[in-house]
Amino acid sequence: MASQVSSDPRVHDKPDTVASLSVEGLSIEFSRRRVWTPVVHDVSMRVMPGEIVGVIGESGSGKTLSSLAALRLLPKQARVASGRVRLGDVDILTQSESQMRNLRGNRMALIPQDAMQALNPTMRVGLQVAEPISLHSGQRLKSVAGVAAKLLETVGIARPEQQARAFPHQFSGGMQQRAMIAMGLALAPGLLIADEPTTALDVTVQAQVLNLLRDIRDTRGTSIMFITHDLGVVAELCDWVYVMRHGRIVEQGSVRRIFMDPQEEYTKMLLAATPSIHGPRRKGGV
Amino acid sequence: MSQDLIRIRAVSKEFGATGWFKKPVGVKAVDGVTLAVKRGQTLGIVGESGSGKSTLLRMALRLIKPSSGTVEIDGQDIWTLQGAELKAFRRKVQPIFQNPASSFNPRQSIGQILVAPLEVHGIGDRDSRRAKVAALLERVGLPKDAIDRHPHQLSGGQKQRIAIARAVILQPEAVLADEPTSALDVSVQAQVLDLFDDIRRDLGLTAIFVSHNLAVIRQVSDQIAVMRHGSVVEYGEADQVFGDPQHEYTKTLIAAVPDHRKLMRAL
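Residue numbers (UniProt numbering), protein chains in the order written: chain A, 1 to 286; chain B, 1 to 267.
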């Protein structure tokens, strides 16, 4: 599985290529009792075409907020104080709401952590997966529903035609997450933003979902921004890593560099704190 | 005195799944599990969701009655205990649960939470209890003034420190923990695991540690039981289970763990 590491880390530094997603000097503020408090400070990051970029941090590090800003889906109490977000050559922060609706789904899609919560419990999975197509093309949902089975097949769901007629609660956690990925792929966006998509899954299922995301990148050239607290997942999946803490990026680099030669104390601490099934036990042992 | 403090013998638990229109169908959450924990050792139980690991732990805590089989502490079947013997068992074996927020009474102060076991078991007087709580708070690395705070004023890691303190305040023989660090950030998890390990060694505690996280289990355990679909598929010394897994499922599980040290070795 470590083979992905061999993909060229220099792709991240190509000056002549337009990034799939580029965040420059982004600061986000949160309102608490009508006082605006900065929570994300001067964050810059980018995702190059066909690259899987990991954003790693502990709770409260600002990793999710930064990604939501890219989708312009910040919660009401939050606002962008300064900075630029560009999706390809589109300036996200100056788009109208209807332009944004067109970009979401078409150009980028979000894969959330809790698939069960994101799915509509009263609607058949197939219809939900096909819904973005219907919304964006203006065609009736029923006339595009046939595409759903094909999408479910792409994400590795067996008997897709039958499963398209199932309701979310009839799916296992892994299948629900696959359905969310299928929905994200419906309009073949160039960028997927995945926010802890495997955190709620068992490790064997997580391994399958990570493989699926890697396949999607390899076969379609989709760029992926992968938000996680799990160093192991980053090591297996990502090409480039941003380490966040307290709303700032403390370190960035190729996966190889971050893991082999971390420069910042915080990154070293994270590496040391993560228990491993390989090598010596973290503490003296028994 | 036997070498084994805890013996789990052929324990099964069947939950009755009832449907509105369907005939009730029994589901075997735990199916004929036999395990033993030696004094002073830690048994790690690892498995994916639905493997029956938590049900097994709850049976060992006498919170769920097994459908068949027995759990013995010190050679006594815990389900035959009554009165004073049961109370002694409740003192000897202590739980630590996963969710630190829901395992405390939100209206009690930390001091009240920690003193309660001493009161229930009639240990010491007011002053000596207070002193004991204060000493223990310091031992688990919390500031003195935490004694008057309430659970919601503490972080998740601090709450799990309190849970550890509460579990050991009666000087038990065994601590049974169910995913005690899975709600914590990794840096906090590392600190809580270290504390758990230090205290366990200081007090010579026997422990069962249940987790879905193989790396965490590896760090704290002497022996490891791998569970799947209610059964133990592999059981042995920690180094042997990780170093030379015998069962296909254990191999699959180990291979599936994303691990940065795997990458670092490959490079």
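Ideal placement from N, C-alpha and C gives every residue a C-beta, glycine not left out.
If you're wondering where the values come from, they're calculated on a predicted model, not measured in any experiment.
Just to check my reading of the structure: residue i and residue j have Cβ atoms closer than 8 Å, yes? What is that Cβ distance to the nearest angstrom?
i	j	result
ILE96(B)	PRO180(B)	5 Å
ILE193(A)	SER67(A)	5 Å
SER223(A)	GLY57(A)	Not really, about 20 Å apart at Cβ, beyond 8 Å.
VAL40(A)	SER27(A)	6 Å
ILE111(A)	GLY184(A)	5 Å
GLY174(A)	LEU201(A)	6 Å
ALA130(A)	ALA186(A)	7 Å
VAL233(A)	VAL255(A)	Contact flag wrong, Cβ pair sits at about 11 Å.
residue 289(A)	MET59(B)	What the structure shows of chain A is the stretch from 1 to 286, and residue 289(A) is not part of that stretch, so it cannot be assessed.
HIS278(A)	ARG261(B)	4 Å
GLN113(A)	PRO197(A)	6 Å
ARG220(A)	LEU237(A)	Going by Cβ atoms, the distance from ARG220(A) to LEU237(A) rounds to 16 Å, so no, they are not a contact pair.
ARG129(B)	VAL120(B)	That belief does not hold up - the Cβ atoms of ARG129(B) and VAL120(B) are roughly 11 Å apart, past 8 Å.
MET244(A)	SER61(A)	4 Å
ALA179(A)	ALA115(A)	7 Å
GLU24(A)	GLY83(A)	6 Å
TYR242(A)	MET45(A)	5 Å
ALA190(B)	ALA273(A)	4 Å
Can you find a C-beta in chain B that's less than 9 Å from the C-beta of residue i?
i	result
GLN177(A)	no
THR219(A)	no
GLN206(A)	yes
MET260(A)	yes
GLY173(A)	yes
MET100(A)	no
GLY253(A)	no
ILE277(A)	yes
ASP89(A)	no
ASP202(A)	yes
MET269(A)	yes
ALA273(A)	yes
SER7(A)	For SER7(A), the pLDDT reaches just 46, beneath the cut-off of 50, and the residue's location in the model is therefore unreliable, although a value from the coordinates is still provided. Not one chain B Cβ lies under 9 Å of SER7(A).
SER59(A)	yes
residue 290(A)	With chain A represented from 1 up to 286, any question about residue 290(A) goes unanswered, as that position is not in the structure.
LEU65(A)	no
LEU210(A)	yes
ARG281(A)	yes
VAL286(A)	Note on VAL286(A): pLDDT 34, under 50, position unreliable in the model; the coordinate value appears next. It does; some Cβ of chain B falls within 9 Å.
Are the C-beta atoms of residue i and some chain A residue less than 9 Å apart?
i	result
ILE110(B)	no
VAL257(B)	yes
GLU48(B)	yes
GLN94(B)	no
ASN105(B)	no
GLY2(B)	Sequence inspection shows Ser at residue 2(B); the Gly mentioned does not correspond to that position. With 9 Å as the cut-off, SER2(B) does not count as an interface residue toward chain A.
LYS132(B)	no
THR252(B)	yes
GLN189(B)	yes
LYS38(B)	no
VAL120(B)	no
LYS28(B)	no
LEU263(B)	yes
LEU5(B)	no
ARG247(B)	It should be noted that the sequence gives His, not Arg, for residue 247(B). By this cut-off, HIS247(B) is not an interface position.
ASP185(B)	yes
PHE242(B)	yes
LEU43(B)	no
Does any heavy atom of the ligand ATP sit closer than 8 Å to the C-beta of residue i?
i	result
ILE216(A)	Looking for the ligand ATP in the displayed structure turns up nothing, as the structure carries no ligands at all.
4 or more residues per run - each alpha helix (DSSP H) lying fully within the stretch 19-64 of chain B: Complete alpha helix (DSSP H) runs here, min 4: 53-60.
Inter-stretch contact at 8 Å, needing at least 3 Cβ pairs: the stretch 36-53 of chain B / the stretch 199-212 of chain B: Touching, yes, given that three or more Cβ pairs across the two stretches are closer than 8 Å.
Continuous alpha helix (DSSP H) assignments of at least 4 residues falling wholly in the stretch 190-255 of chain A: Within the stretch 190-255 of chain A, the complete alpha helix (DSSP H) runs of at least 4 residues are 203-220, 231-237.
Three CB pairs or more closer than 8 Å across the stretch 61-68 of chain B and the stretch 245-256 of chain B: Taking one beta carbon from each stretch, the stretch 61-68 of chain B and the stretch 245-256 of chain B have fewer than 3 pairs nearer than 8 Å; the two do not touch.
Whole runs of the beta strand (DSSP E) within the stretch 5-47 of chain A, excluding any shorter than 3 residues: Here the runs fully enclosed are 21-32, 35-47.
Inter-stretch contact (C-beta, 8 Å, three-pair minimum) for the stretch 2-17 of chain B and the stretch 34-47 of chain B: In this structure the stretch 2-17 of chain B touches the stretch 34-47 of chain B; the number of beta carbon pairs closer than 8 Å is three or more.
Members of the stretch 226-244 of chain A that neighbour chain B once the beta carbon cut-off is set at 9 Å: Within the stretch 226-244 of chain A, the residues whose Cβ lies closer than 9 Å to some Cβ of chain B are HIS229, ASP230, LEU231, GLY232, VAL233, VAL234, ALA235, GLU236, LEU237, listed in chain order.
Touch test, the stretch 96-107 of chain B against the stretch 162-177 of chain B, Cβ-Cβ under 8 Å, three pairs minimum: Short answer: they touch.
Three-pair Cβ contact test at 8 Å for the stretch 68-75 of chain A versus the stretch 140-154 of chain A: The answer is no - the stretch 140-154 of chain A does not touch the stretch 68-75 of chain A, with fewer than three Cβ pairs under 8 Å.
Contact between the stretch 120-131 of chain B and the stretch 193-212 of chain B (3+ Cβ pairs under 8 Å): Touching, no, given that fewer than three Cβ pairs across the two stretches are closer than 8 Å.
Touching by the beta-carbon criterion (3+ pairs, under 8 Å), the stretch 213-233 of chain B and the stretch 39-49 of chain B: Here the stretch 213-233 of chain B makes contact with the stretch 39-49 of chain B; the two share three or more CB pairs at distances below 8 Å.
Positions along the stretch 51-62 of chain B whose CB lies within less than 8 Å of some CB in chain A: Answer set for the stretch 51-62 of chain B: empty.
Every unbroken alpha helix (DSSP H) within the stretch 211-242 of chain B, with a cutoff of 4 residues, ordered by chain: Correct list: 214-220.
Contiguous alpha helix (DSSP H) assignments of at least 4 residues, all confined to the stretch 85-149 of chain A: When DSSP assignments are scanned along the stretch 85-149 of chain A, the uninterrupted stretches of alpha helix (DSSP H) that are 4 or more residues long and fall wholly within it turn out to be 97-106, 115-118, 125-137, 141-144.
Inside the stretch 74-151 of chain B only - beta strand (DSSP E) runs reaching at least 3 residues: Within the stretch 74-151 of chain B, complete beta strand (DSSP E) segments of at least 3 residues are found at 93-96, given in chain order.
Uninterrupted alpha helix (DSSP H) stretches inside the stretch 53-85 of chain A (no shorter than 4 residues): Within the stretch 53-85 of chain A, the complete alpha helix (DSSP H) runs of at least 4 residues are 63-70.
Residues in the stretch 213-231 of chain B having any Cβ partner in chain A nearer than 7 Å: Answer set for the stretch 213-231 of chain B: LEU214, ALA215, VAL216, ARG218, GLN219, ASP222.
The stretch 171-179 of chain B touching the stretch 140-150 of chain B, judged by at least three CB pairs closer than 8 Å: By the C-beta criterion, the stretch 171-179 of chain B is judged not to be in contact with the stretch 140-150 of chain B, since fewer than 3 inter-stretch pairs fall below 8 Å.
Contact the stretch 209-218 of chain A vs the stretch 11-22 of chain A: 3+ CB pairs below 8 Å: Touching, no, given that fewer than three Cβ pairs across the two stretches are closer than 8 Å.
Against chain A: residues of the stretch 144-168 of chain B by CB proximity under 7 Å: Along the stretch 144-168 of chain B, there is no position whose C-beta sits under 7 Å from a C-beta of chain A.
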